[in-house]
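Engineer: If you scroll down you'll find the structure; I have some questions about it.
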Amino acid sequence: MGHESTKQIWFAYAMGITSGVLCALIYQKTQAPTMDPDLREYQEVRNFIQGNFVKPIAREEILNRSLHGMARSLDPYSRYYDAEESAQLENETAGNYQGIGIVMRRIDGRQRVLYSMPNSPAEAAGLLPGDELVLIDGEDVAGMDSDEFGERLRGPEGTQVQLSVLHRDGSTFEATIDRSLVADPSIRHAELLPDHDGIAYMNIHSFSRRTDEEFDQAMVRLEGMGMKGLVLDLRGNLGGVMDSALAIARRLIPEGLLLRTEGLHVVETHEANPEEATWKDIPLVVLVDGESASASEILAGALQDHRRAAIVGAPTYG
């Protein structure tokens with residue numbers, strides 16, 4: 002074979018490879034999925050922020066903030082939870098949370114300690130009923146709503162929070178408190194009221210997955226002490242697990258519709274069950290205020306609709 006023939010063979014071979022590559026590229030381009038215009042716009046904004054913001058910011062942080070903002074823009078009650086926040090929420094709905102173990106209430110515009118939980122970091126730090134929290138990590142709490150205030154106190158186990166505290170006697174002190182995993186029962190007080198002839202008082206501060214079990218245990222104990230009527234305190238109860246609130250409603254209401262929910266594609270109804278209405282005859286008074294919300298409103302509303310309880314207090318959150 003001559004030199005020219007060899008060149009022609011290699012040229013044809015090279016052209017074949019080149020044509021194959023071009024065909025493959027054209028095929029891939031025509032087959033590649035088109036990026037969603039919304040995602041393209043997000044990518045452009047993200048790249049602009051990373052290239053022009055006054056300080057470096059990671060892609061993950063931009064994404065996380067974007068998702069939080071997207072959910073928050075829907076209404077005041079929608080929220081996105083990242084992995085860390087989801088784990089914290091799971092702890093809280095199980096009756097535990099990571100924080101300092103303190104129960105607060107806004108009184109006359111001031112955040113005051115109702116009490117510190119037993120064996121909690123707050124108790125060890127000396128926080129007493131009536132103390133006012135003035136600063137959290139150097140920031141004034143006056144402008145914080147209940148959600149932000151609670152978020153500032155909570156945090157991963159082992160982290161610290163710096164508090165500026167004003168005692169009722171006017172003295173002040175600074176406390177650096179290590180957060181820990183705190184057992185947080187929903188029912189903190191369940192007792193007979195002295196000199197009230199069998200009237201019991203029960204406070205439910207939130208609804209976890211265990212609240213209905215705690216309710217049953219407390220009611221059995223109060224019955225054994227001679228309970229003839231119950232004052233159920235839902236003041237300051239911002240809600241929680243709806244199923245627990247409905248389970249308690251079923252203990253107290255023998256029949257009828259408790260709740261109807263309507264979603265975009267689903268309508269659900271929740272009915273009472275006579276077999277579960279263990280305490281359907283106990284006289285009831287329910288206390289509510291402007292911070293009774295969500296699941297606590299479901300329970301109070303069901304009791305009111307069925308004329309099962311007298312509702313006393315201020316208008317609820319919703």
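According to the working numbering, the sequence shown is numbered sequentially starting from 2. Cβ atoms here follow ideal geometry from the backbone N, Cα and C, with glycine treated the same way.
#1: Mind reading off the beta-carbon distance from Ala311 to Val286? Whole number of angstroms is fine, and I expect it under 8 Å.
#2: Counting along the chain, where does the beta strand (DSSP E) carrying Leu1 start and finish?
#3: Going along the chain, which residues of its own chain have a beta-carbon closer than 8 Å to the beta-carbon of Tyr318, five neighbours each way excluded?
#4: Measuring alpha carbon to alpha carbon, tell me which of Asp213, Arg210, Met220, Asp148 ends up nearest Tyr202.
#5: For His190, which residues of its own chain have a beta-carbon under 6 Å away from its beta-carbon, when the five flanking residues on both sides are left out?
#6: So who's on the other strand from Glu175, going by DSSP bridges?
#7: For Pro130, I'd like the list of residues in its chain whose CB is within less than 7 Å of its CB, leaving aside the five on either flank, ordered along the chain.
#8: The beta strand (DSSP E) with Asn65 in it runs from where to where?
#9: According to DSSP, is Phe54 helix, strand or coil?
#10: So, under 8 Å CB-CB, Glu272 and Leu253 are touching, yes? Tell me the CB distance rounded to an integer number of Å.
#11: Evaluate Pro122 with the Cβ neighbour count: other Cβ atoms within 10 Å of its Cβ, from every protein chain shown; 16 or more gives buried, anything less gives exposed.
#12: Starting from Asn97, follow its DSSP beta bridges and name the residues at the other end.
#13: Please confirm whether Ile178 and Val162 have their CB atoms less than 8 Å apart.
#14: With a threshold of 8 Å between beta-carbons, can Arg308 be considered close to chain C, or not?
#15: Tell me which residues share the same chain as Ala303 and place their Cβ nearer than 7 Å to its Cβ, disregarding the 5 neighbours each side in the sequence.
#16: Is DSSP giving Val287 helix, strand or coil here?
#17: Is it a yes or a no for the region 152 to 172 touching the region 91 to 108, going by three-plus beta-carbon pairs under 8 Å?
#18: How big is the Cα-Cα spacing for Gly241 and Lys281?
#19: Give the secondary structure of Ala310 by DSSP, where H, G and I count as helix, E and B as strand, and everything else as coil.
#20: Please work out which residues of its chain come closer than 6 Å, Cβ to Cβ, to Ala278, disregarding the five sequence neighbours upstream and downstream, and give them in chain order.
#21: Flag Asn238 as yes when its Cβ comes closer than 7 Å to any non-hydrogen atom of the ligand MN, and as no otherwise.
#22: Could you check the C-alpha separation between Ala197 and Asp213 for me, to the nearest Å?
#23: Am I right that Arg60 and Arg47 are in contact with their C-beta atoms under 8 Å? What's the rounded C-beta distance?
#24: Per DSSP, Gly230 is paired with what?
#25: Based on the DSSP output, what are the partners of Gly139 in its beta bridges?
#26: From the DSSP output, in three-state form, read off Arg220 for me.
#27: Quick test of your reading: Leu164 and Leu134, contact by CB under 8 Å. State the CB separation rounded to the nearest angstrom.
#28: In or out: Asp39 buried (at least 16 other Cβ within 10 Å) or exposed?
#29: Please list the terminal residues of the continuous alpha helix (DSSP H) segment that includes Met243.
#30: Do you know how far the Cα of Met71 is from the Cα of Asp148?
#31: Where does Arg211 sit, in a helix, a strand or coil, going by DSSP?
Structural biologist: Reading off the structure:
#1: For the purposes of this step, residue 311 is taken as residue 310 along the sequence shown, with counting starting at 1. For the purposes of this step, residue 286 is taken as residue 285 along the sequence shown, with counting starting at 1. Yes, they are in contact, since the Cβ atoms of Ala311 and Val286 sit about 5 Å apart, within 8 Å.
#2: Lying outside 2 to 319, the shown extent of the chain, residue 1 is not represented and no answer is given.
#3: For the purposes of this step, residue 318 is identified with residue 317 of the sequence shown, where counting begins at 1. Hits under 8 Å: Leu239, Gly291, Glu292, Ser293, Ala294, Ser295, Glu298.
#4: Walking along the sequence shown from the start, residue 202 turns up at place 201. Measuring from the Cα of Tyr202, the nearest candidate turns out to be Met220.
#5: What you label residue 190 is simply residue 189 of the sequence shown in a count that begins at 1. Closer than 6 Å at Cβ, skipping near neighbours: Asn204.
#6: If you number the sequence shown from 1, residue 175 lands on position 174. Answer is Ser165, bridged to Glu175.
#7: By one-based count along the sequence shown, residue 130 stands at place 129. So the list reads Val114, Leu115, Tyr116, once near-sequence residues are dropped.
#8: Working through the sequence shown from its first residue, we reach residue 65 at position 64. Asn65 -> not in any beta strand (DSSP E); alpha helix (DSSP H) instead, spanning 60 to 73.
#9: For the purposes of this step, residue 54 is identified with residue 53 of the sequence shown, where counting begins at 1. Note: Phe54 maps to coil in three-state DSSP.
#10: Position 271 of the sequence shown, counted from the start, is the residue given in the question as residue 272. Position 252 of the sequence shown, counted from the start, is the residue given in the question as residue 253. Contact doesn't hold; Cβ gap of about 14 Å is too wide.
#11: Counting from 1 along the sequence shown, the entry for residue 122 is found at position 121. Buried, because 16 or more other Cβ atoms sit within 10 Å of the Cβ of Pro122.
#12: Mapped onto the sequence shown, residue 97 falls at position 96. Bridge partners of Asn97: Ala184.
#13: Translated into the one-based positions of the sequence shown, residue 178 becomes position 177. Translated into the one-based positions of the sequence shown, residue 162 becomes position 161. Yes, the pair counts as a contact, with Cβ atoms nearer than the cut-off.
#14: Looking for chain C here will not work: only one protein chain is present.
#15: Residue numbering aside, residue 303 sits at position 302 when the sequence shown is read from its first letter. Hits under 7 Å: Ala250, Ile254, Leu259, Leu260.
#16: Against the sequence shown, residue 287 aligns to sequence position 286. Of the three classes helix, strand and coil, the one that applies to Val287 here is strand, per DSSP.
#17: yes
#18: Position 240 of the sequence shown, counted from the first residue, corresponds to residue 241. Position 280 of the sequence shown, counted from the first residue, corresponds to residue 281. About 24 Å.
#19: Indexing the sequence shown from 1 puts residue 310 at position 309. DSSP places Ala310 in coil when its eight states are reduced to three.
#20: Translated into positions along the sequence shown, residue 278 becomes position 277. Hits under 6 Å: Pro255.
#21: Summarising the ligand content, the structure contains no ligands, and the ligand MN is consequently not present.
#22: Walking along the sequence shown from the start, residue 197 turns up at place 196. Walking along the sequence shown from the start, residue 213 turns up at place 212. Before going further, note that residue 197 is His rather than Ala in the sequence given. Those two C-alpha atoms are separated by around 26 Å.
#23: Taking the first residue of the sequence shown as 1, we reach residue 60 at position 59. Taking the first residue of the sequence shown as 1, we reach residue 47 at position 46. Between Arg47 and Arg60 the Cβ distance is about 7 Å, and since that is below 8 Å, they are a contact.
#24: One-based indexing of the sequence shown puts residue 230 at position 229. Ile200.
#25: In the sequence shown, the residue the question calls residue 139 occupies position 138. According to DSSP, Gly139 bridges with nothing at all.
#26: Looking up residue 220 in the sequence shown gives position 219. Correcting the residue type first, residue 220 is Met in the shown sequence and not Arg. Reduced to three states, the DSSP call for Met220 is helix.
#27: Along the sequence shown, one-based indexing puts residue 164 at 163. Along the sequence shown, one-based indexing puts residue 134 at 133. Between Leu134 and Leu164 the Cβ distance is about 6 Å, and since that is below 8 Å, they are a contact.
#28: Start at 1 with the first residue of the sequence shown, and residue 39 comes out as number 38. So Asp39 counts as exposed.
#29: Counted from its first residue, the sequence shown places residue 243 at position 242. Looking at the DSSP string, the run of the alpha helix (DSSP H) that includes Met243 is 243 to 253.
#30: Within the sequence shown, numbered from 1, the residue matching residue 148 stands at position 147. Within the sequence shown, numbered from 1, the residue matching residue 71 stands at position 70. Cα to Cα, Asp148 sits roughly 18 Å from Met71.
#31: Here residue 211 refers to the residue found at position 210 of the sequence shown. Looking at Arg211 - three-state DSSP - the assignment turns out to be coil, as it is neither helix nor strand.
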